Every structure is written in structure tokens, then in C-alpha cells.
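Visitor: Submitted below is the structure of interest, expressed as C-alpha cells.
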Amino acid sequence: MTLRNLFLRLVARHDNTTSTNANAPKACAGQLDWLRHAASAPAADLLAELNTTEGGLDSASVDTARELWGANAQAHATARPLPLRLAAAFADPFTYILVLIAAVSVLTDWAFAAPGARDLTTPLIIGAMVLVSGVLRFIQDEKSAAAASSLAELVETCANVERDGDGGNETPVDEIVVGDVVHLSSGDVVPADLRIIAARDLFVSQASLTGESDPVEKSATPLSPTTASEPANAAVTDLPTLALMGSTVISGHGRGVVVATGARTMFGEATGMLAGRRRTTATDRGIAATSRLLMRLMLVVLPVVFVISSVTKGNWVDALLFSLSVAVGLTPEMLPMLVTTCLGKGAVDLSGEQVIVKRLDAVQDLGGIDILCTDKTGTLTEDRIVLERYLNVAGQEDARVLRQAFLNSYLSTGVKNLIDNAIIDRARAEAAAASGARGNAAETGDLAAGRYAIDELPFDFERRRVSVVVGDERGRTAMITKGAIEEVLAICSAVEVDGTARPLDSALAAQVTARAEALASEGMRVLGVARKDNPTGGRAICAGDERDMTLVGYLAFLDPPKASAAAAVAALASRGVATKVLTGDSARVAAHVCGRIGIDANHVLTGADVERMDDATLAQAAQEASVFAKLSPSQKARVVRVLGELGHSVGYMGDGVNDAAAMRASDCAISVDSAVDVAREAADIILLEKDLMVLERGIEFGRRTFANMSTYVRLTVSSNFGNIISVLVAAAALPFLPMGAVQLLLLNLIYDVTCCAIPWDRVDDERIARPSVWSTRATKRFMLAFGPVSSVFDIVTFAALFFLVCPAVAGGAWDALDEAGRAAFVGAFQAGWFIESMWTQTLVIHLLRTDRTPFLESRAALPLLAMGAAGAALATALPFSPMAGALDFVAPGAAFFPLLLAIVAGFAACVLLVRRFVKVD
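In my numbering, the protein residues as written are 8 to 928.
Listed below in C-alpha cells is the structure:
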């Protein structure tokens, strides 16, 4: 083995182990250098470097090669055992907070409580919430995983491998090593990265790697380093001497020596990220930040309440219990269960829109994306070839050109390819339009009425054209040829202009070439059509007869944009989602297709451009560019990563092996049910219909789900924060606690139960018009804006209760009462604040769930209205019920309710005023 070979191998192996490093933008450069070297080196020299021969490795060298280069095995995401999956369903920051609160409640309500006062109700309720939330999440994740399973292996299990010069034998793919010689034939899937050492008419499809369905020719002749297509500048998929793992042989046959296996192949590079941990998404970061905010508030509030209560009341034990209850009250205990319910309902709603949710959290990730990166073929285009134009030499649409092309395709005896079918379909459509009838097979035959095939020269990859000799009823014959424009032009001595043949001089040749290049610049594949009358004089046709022909015109083919693509891109833009195209196709084709559907294609970045940039430069360029062409899988992933590092929430939609790495790097990975297995394995969302309009509807549902979740979090945190301020004021100003620990927990529980209807609430269209993500800053601003409003009216309530309501109930002012009177005073006070808190907390849901006029321009869904009314009614009834004594409540009296209505009305007016002038989003 040469020193160069050994060095490149070591670099490649090292790069492969570090390719996930975010600070290594060119982590796979060593391996790419090796593939380019293998593509350009003379076959004999490369075989010597690999210690092999054209007859393959000798059997004794196989194990050595496997040890040196590694096995031919791919990375896949390993399914975790059932217990770990179950535990993961409970691995949520909000759940951790509740577990902590439950543990504290056990200490305060049981361990340190008096024997007759021990009560585990609170920790049991919290434990039930945690259990229900985790089980629901686990069930949904398991169902989604089952729906997305049964993925087929992309690579065949065996390949024809030659060793010891035995001519080739079927060998399991995972036993192939670097240096093996593989025989390829039509229908084979390339089992490793190969350098072609012999080929005849070898065409392969690299659709699984590049997303492009057009076959590409592979040959044994290496590129010259001095050509314009220098390997150092070419994408690896464009190197004609390399057949890459996962490609499919369309036609021909050949032999290749294995130069890379397993994780060090281009296929392995694309799938390698599946074995790693999922990237932390914008939603993950937002939830973690919100959890930290709650923890900080608890850590600040608990000691402050404890100190104030103990100093003013003189009872340190009661103060500790009350401060712990306040900390519990600050936490939205129902959050994990409500979030899971919201996400579960969102997943069910999405299933009705032809969308499968594999990862439950992906529902909110989908709604939060502000950049959608997508492949071109099949997503923006129809993934089929159509005859877009048929033009004469002057560039005018000419039915005669279509007629000649139709006869060539229809009367040829070979298997009809995509080009032939496109020509026949267009001719059928034109005939149907002309006759006013629907085209069918019989009418297609009528188009060739009176014409029949006499002889033909089939297509081959040296001539790159097909010729058919056609006869008619009068005994006339003509040879019609179609093929690559440069090959057809080379056999022509004349061009047809205005129905007459004119000699093909240099000026006309330049005109023909320029027009063909103009069509190609629009992303079209251009063929030429030529004709020659009486080509053989009755003898059999031969290749030598393809000369002195007359060029009739051009055929321009295109994979057309989907009819819905432009509308989908516009719809996404209207929702604040920018569409960026990341494709392995050429810049010219990508720019043309994107321009037609409304994506800015004035500035196109190619893979070569990306390779030259560092991360900072690429981030700036990626922000401005919307079209990226000729990208390798690692380059796609890098573009997605740098966009995410700029603060964007990035979704990636793809269906090929070349998309898997970028999908893994995105915040929300989207694929389709027809995608290759590794793409579906990397996906969070699977569309049952490959259409951006389906995705646009999915984004809408995701935003509705997030809007309802964020409504609960913001309202609950702000309401509870307001309660904390009120408690601090009361602890300092009142001679008793404004609400007992059990009363405070009960209030929180009733409110949380009423909020269980939030997942079924309606959401205003303007709230889902732009991307929304978890924002701790927004939650904090919301809390600071509306929490004090609640506190102000709590304090007003305290004053009304202390000076007006409670003296009437207890029979006098506080200082004039005995112990029994003071007990009635405290009971009435706590009952009054209990009722007022529930009313205002319920009302604020309806005031702040919308930016419109509440109840008039925007009403909550019936379940939320009903649950809110029921909760307020229950809280109002408890002090008047037989349970009042157990809860230490005393009915506040009828005089309380006019004051309550005035306070609630003032609270509503103040909230609407703050909502109008204070920006919280």
C-alpha cells in the first residue's frame, strides 16, 4: 500500500469519527479526496495501491482488508429496549419539577405533619398527572413508531464478487471489502463505492443519492486533471468512473474495484448521523428554558414567603408549610398532561390530513419552523419527463417536428423509455385537442396510420441516438433520427427552414447550437430530430447511413413543476416560512424550476461554493440564498446546521439517502411514505402525499397546537405569579394567612382541570399566521405584564373583604373579635379570595386567548366555555356546601357578590387595557 493511500485512509477514518463535530465544516474532506483520487488514478495504479488485481483479492487478503478498511455495514438508529422507551416518555423538564413538588408534599403533608393531619392527596394527585401524561406520550410514540416501521433494506443482500480470479460469485454485501472486484449488470444495486475498471454501455440511476432520476453513464476512462471537469471541482456523484453505493444499474454491464465500504461510502456518510442522538430542537430549548424560569421563581419565592410569613405570624412551621404550598401553586401541575393532550390531539388531527407523526413533540416543531429546506425532484416537480416544446430550427413550435419524433418513438421496436413515452403522450394530447376527442391507444395508432417500420438502428451510448426507417403506402421510405443535439447535428449536412432544406454552414450551425443552449439554460434536456429520404435504397440500414441528414428541429424535455408548487410556496411565505431548495441537481436546472414557482433564483450557491466557505461565511450566504445546487449529503446537513445556529427553526423535507443527514440536523424532519428507508427512519413527520400543500396544512395544525399550549403556560404562570405577589402583600399586611395551604392547592387543581379543555379550543387565524416557538422572554414579559394586574385586584379584594364583607359575617372588626369570631372572619376572607381568584383566572383565559374583542369577535370552543363555567360554579359553591367546614371556609354572605362583580368587571377592563398597550410577543 502506498504512503498516500495509507494517509488518506487514516484521514478518512478519523474524519468519519468526527464528522458530527459542529466546528468541523469539512469533516469528510479526507474521504472525498480519496474518492476523487480513486476516480482519476489509472486503473492499474489504483489496483496496486489497494493490493488487488483485476481478478480480485486473493482469499487470504480479505480479512486483512476488512481489518484495515472496516466492514461494509451501515449505521442505523438502534431501537431502545422497552423499559428505556417507557422511561423516556417521562423524561420531561416539567415532569421533573412536578416530581420534586410531589416529594416536598410528601414531606410536608405526611412526614412532618401531625398524626391526625396527615394527608397524601396532593402528592397522589400530582403523581396521577405525571403517570397519565407519561403513559399517553408512550402510547402515542409506540403507535407512531409502528406506523413508520417495516422499512425495507435499500441495499441488496448479495452481489457478484470476483476473488482469486474465479469469474465472480454471489457474496453477501456485508462481507464485501475494499479491493474486491464487483461485477455489475442491469438491475443490480451497487453494494459499495466502486471505481469502474471496465464498462460497456453502463448507465446507473443515482436517484437515491442525488434525488435526480435521469440515468448517468459510467465508464472506465478517468477524467484528465487538466479538463474543465477537473475532479477537484466536480461533485463526487458527477465523476464518471465512480459507481456509488445505493445506485441502481439501469443498463449495460461493468466491473469495479471497491474503494470504500460501510460508513466511509457516500451512502454511509448520509446515513451515519442516524446512529447518533437527535439534535436538540428549538422546542426542546424553549421548554428547557421555561422550566428553568419556573425553577428560578420557585427558588426565589419560597424563602421570601417563608421569612415574611414566619416573622409576621410567629409560627415557623405553618410558615414553612404555606411557603411550600405557594411554591406548588406557582407550578402548572397539569402542564405535562395538558401538553401531551395537546400534542396527541394535534397528531390525531394531522392524521386526517394525510400526515403521520412519528415523534409527538414534532407537532409543535412543525408549527414553529420559519425556514423549510426541501429537495427539488418530486416535491416541487412532478418527478416525470414531459415534452415541453417541439420547435423547428427557427425556434417556432412546429407540428411537423412532433410528427417526426412520434414516428421515431412509436415505431421503434425497443423498450419505450421515458423520452419515448413523453413524446407519445404529447402527440396523443395534441391529436385529441385537434379532434376535440379524448386521446386513447387506438387514436395513437391512428397517428401512425399508413406508416410502418422497415428497419432501425437502436440507441447505444457511443452514438447517443436512435434511427428508424419508416415506410408509407406509396412505397416511400425515410430515416428519422432523434438523439442528443450535438450528436444529431454532427450527422447533418442541411437544416429545414420554411419547409425547404438549406445547406448547414457555420452560421446556421452556430444558430442551432445557440438555440439549443438557450433551451438548456432553462433547465431543459434538448434532443435533435433529423430526417433523410430513401436512406438505403432497399438494403438493411447500418451506422454509416447516418450521414448527410437534414435537421428538422428540437425537442425540449423537462421535469415540470407541480401545479400546486407555486401556490404552496406562496402559502408558506404568507405564513412566514421561507422555502429554500437544497438539491443535487445542476444549478441551471434548479434555478429555472425555482424561478418558475416563485423562489428567488438570482443567487445560486453550489456545492463547490459551500466547500470553500467557513461556517461564518456560509451562514451569511445561506441567509441570503434560496437555491443550493450540486450539494453532497454532508453539505446539505451543513447548510441546515448553520441556518439553525442563526436562530432559525429549520424544517427539512426529503425522501432520499442524500437527505438523511440534513433531516437529522433539522428541527423537524419531514419525509413521505414512498421515501427510502433511511429517510423515513430519520423523519419526525411522514406525509402520505408528496405535496407541499399537505405540509402547509400540517404547519397550520402544528401552530394551532402550540398556540393552545402556550396559552395555558402563559396564563397559568402569570395568574400564579399574581397570586404569589398577592400572598406576599397579604403575609405582610394581614394578621392571618389569606388562604390555607390546602385551599391554595385546591384552587390550583380546579383551575387546572378546567384548562383540560384548552386543546379543543379554537385559535384565531392571526395567531397562526407567523411561526411561533417557546420563548422564555415572552413568557416572562407576559407574566410581568398581567401578573401584577391580577395582584392589584386581589389587593382590592383583600381590602373589601377585610373592611366590609368579613366584619359583616363575623359581627365586627378584627381587633374587636374573640377567637370564634376571628375564625369566622378568616374563613369568610379565605372563601371570598378563593372565589374571586377562580373567577378572575377563568375570565382571563377568555380575555387573553385572543387579540380580538372577547366573546364578540372571538369565542372559545364550547368545551372550554363549559369547563370554565363549571369550575367557577364549583369554586363559588364550595364555601356554601357541606364541605366548607372541612376546608375551613365560611360563606362570605350575599353582600360579597355585588363587590365581586364590580372587582371582576374592573379587572377585565384593566386586562384589556394592558393587552392593548403592552406588547408581550
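Glycine included, C-beta positions come from ideal geometry on N, C-alpha and C.
Predicted, not measured: the structure shown is a model, and the values here were computed from it.
Does the Cβ-Cβ distance between Tyr-397 and Asp-405 come in under 8 Å?
Guide: It is a contact, given that the beta carbons lie within the stated cut-off.
Visitor: Excluding the 5 residues flanking Pro-814 on each side, which residues of the same chain have their C-beta closer than 6 Å to its C-beta?
Guide: Ala-820
Visitor: Nearest to Gly-482 by alpha carbon, out of Val-749, Arg-458, Gly-172?
Guide: Here the closest residue by C-alpha is Arg-458.
Visitor: Touching or not, the segment 495-505 and the segment 525-543, by the rule of three or more beta carbon pairs under 8 Å?
Guide: yes
Visitor: Quick one: is Leu-908 buried, meaning 16 or more other Cβ sit within 10 Å of its Cβ, or exposed?
Guide: Under this definition Leu-908 is an exposed residue.
Visitor: List the DSSP bridge partners of Thr-488.
Guide: Looking at the DSSP assignment, Thr-488 forms a beta bridge with Ser-474, Ala-537.
Visitor: According to DSSP, which residues form a beta bridge with Met-556?
Guide: Cys-499
Visitor: Is DSSP giving Pro-510 helix, strand or coil here?
Guide: DSSP places Pro-510 in the strand class (E or B) of the three-state scheme.
Visitor: How would you label Pro-198, buried or exposed, when you count the other beta carbons within 10 angstroms and need 16 or more for buried?
Guide: buried
Visitor: Does Asn-715 pass the burial test, meaning 16 or more other C-beta atoms within 10 Å, or should it be called exposed?
Guide: buried
Visitor: Closest to Ser-330 by C-alpha separation, out of Ala-369, Val-311, Gly-892, Ala-517, would be which residue?
Guide: The option with the nearest alpha carbon to Ser-330 is Val-311.
Visitor: Thinking C-alpha only, which one of Val-475, Arg-433, Leu-454 is nearest Ala-563?
Guide: Arg-433
Visitor: Please determine, among Thr-381, Glu-61, Gly-729, Leu-791, the residue with the shortest C-alpha to C-alpha distance to Val-925.
Guide: When only C-alpha atoms are compared, the closest one is Leu-791.
Visitor: Which value, in whole angstroms, describes the spacing of the CA atoms of Met-273 and Glu-529?
Guide: 30 Å
Visitor: Grab me the residues of Ile-315's own chain with a C-beta within less than 7 Å of its C-beta, minus the 5 sequence neighbours each way, in chain order.
Guide: Closer than 7 Å at Cβ, skipping near neighbours: Leu-735, Ala-738, Ala-739.
Visitor: Could you check what DSSP says for Ala-915 in three-state terms: helix, strand or coil?
Guide: helix
Visitor: For Val-657, write down the residues that DSSP places opposite it in a beta bridge.
Guide: Checking the DSSP bridge columns, you'll see Val-657 partnered with Ile-378.
Visitor: With distances taken between CB atoms, is the gap from Val-504 to Leu-511 smaller than 8 Å?
Guide: no
Visitor: Determine the contact status of Thr-883 and Ile-842, defining contact as a CB-CB distance below 8 Å.
Guide: yes
Visitor: Starting from the C-beta of Pro-568, find all residues in its chain whose C-beta is less than 8 Å away, skip the five residues before and the five after it, and write them out in chain order.
Guide: The answer, listed in chain order, is Leu-387, Thr-388, Glu-389, Val-600, Arg-603, Ile-604.
Visitor: Phe-903 and Val-812: beta carbons closer than 8 Å?
Guide: yes
Visitor: Return the chain-ordered list of same chain residues with a C-beta closer than 8 Å to the C-beta of Gly-828, the five sequence neighbours on each side being excluded.
Guide: Ala-817, Gly-818, Gly-819
Visitor: Quick one: Cα of Ala-167 to Cα of Val-657, how far?
Guide: The amino acid at residue 167 is misidentified as Ala; the sequence shows Asn. Roughly 42 Å separates the two Cα atoms.
Visitor: Using the C-alpha atoms, what's the distance from Ile-203 back to Val-69?
Guide: 20 Å
Visitor: Can you tell me whether DSSP reads Ala-448 as helix, strand or coil?
Guide: Reliability fails at Ala-448, whose pLDDT of 43 lies under 50, so the model's placement of it is uncertain and the value that follows must be treated cautiously. Helix.
Visitor: Quick check: the Cα distance between Thr-420 and Ala-547, rounded to an integer number of angstroms?
Guide: C-alpha separation (whole angstroms): 16 Å.
Visitor: Quick one, which of Gly-359, Gly-141, Lys-423 has its alpha-carbon nearest Leu-345's?
Guide: The residue from Gly-359, Gly-141, Lys-423 with its alpha-carbon nearest to that of Leu-345 is Gly-141.
Visitor: May I have the straight-line CA-CA distance separating Glu-697 from Asp-356, to the nearest angstrom?
Guide: Checking the displayed sequence, the identity of residue 697 turns out to be Lys instead of Glu. Spanning the two alpha carbons is a distance of roughly 18 Å.
Visitor: I want to check one thing, is the minimum distance from the CB of Ser-798 to the heavy atoms of the ligand FAD below 7 Å?
Guide: Within the structure as shown, the ligand FAD is missing, as the structure has no ligands at all.
Visitor: Output the boundary residues of the alpha helix (DSSP H) element that contains Leu-414.
Guide: 406-418
Visitor: I need the boundaries of the alpha helix (DSSP H) containing Arg-829, first residue and last residue.
Guide: 826-855
Visitor: Applying the 10 Å Cβ sphere with the 16-neighbour rule, what's the burial state of Ser-442?
Guide: Counting Cβ neighbours within 10 Å, Ser-442 comes out exposed, since fewer than 16 surround it.
Visitor: Of all the options Ala-838, Ser-782, Ala-915, which has the alpha carbon lying nearest to the alpha carbon of Ala-296?
Guide: The alpha carbon of Ala-296 has as its nearest neighbour, out of Ala-838, Ser-782, Ala-915, the alpha carbon of Ser-782.
Visitor: Tell me whether Asn-541 is buried or exposed, calling it buried when 16 or more other Cβ atoms sit within 10 Å of its Cβ.
Guide: Its Cβ having fewer than 16 others within 10 Å, Asn-541 is exposed.
Visitor: Hey, which unbroken runs of the beta strand (DSSP E) at 3 residues or more fall wholly within the segment 633-678?
Guide: 634-636, 657-660
Visitor: Could you give the DSSP three-state label for Ala-880: helix, strand or coil?
Guide: Look at Ala-880 here: in three-state DSSP terms it is helix.
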